[in-house]
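Under this note's numbering, read the sequence shown as residues 1 to 82, first letter to last.
Glycine residues also receive a C-beta, built at the ideal position from the N, C-alpha and C atoms.
Presented below is the structure to which this report refers.
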Amino acid sequence: MQKNGPRVHFISNIDGTHLCETVSKLSPETTLFIIASKTFTTQETITNAESAKEWFLNQAKDSKHVAKHFVALSTNIQKVTE
Numbered sequence: 001m002q003k004n005g006p007r008v009h010f011i012s013n014i015d016g017t018h019l020c021e022t023v024s025k026l027s028p029e030t031t032l033f034i035i036a037s038k039t040f041t042t043q044e045t046i047t048n049a050e051s052a053k054e055w056f057l058n059q060a061k062d063s064k065h066v067a068k069h070f071v072a073l074s075t076n077i078q079k080v081t082e
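Below is the structure:
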């Protein structure tokens, strides 16, 4: 197992406890969130993305950094840009 390189965490359900436990181990300065959804309309995905963004903003204190720490993967460009 390689010790250098990125640590990858997956949040794939709406369990708020899992998300909270995962982000509590992270540093906002070195964290990249990749939000993946084909339609970007799945409630679980949107809820997790909003929760991650809320955590990030509480930690980073400046919304201008969101664009540097969040990436969206989707076929629905309109929903991603909302």
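- Excluding residues up to 5 positions away in sequence, L57 lie with their Cβ nearer than 8 Å to the Cβ of S63 in the same chain.
- At a Cβ-Cβ threshold of 8 Å, V71 and I34 count as neighbours.
- Separation of K38 and K3 (C-alpha to C-alpha, rounded to the nearest whole angstrom) is 32 Å.
- In the structure shown, the three-state DSSP call for I46 is helix.
- In chain order, I35 place their CB closer than 7 Å to the CB of A49, counting only its own chain and leaving out the 5 sequence neighbours on each side.
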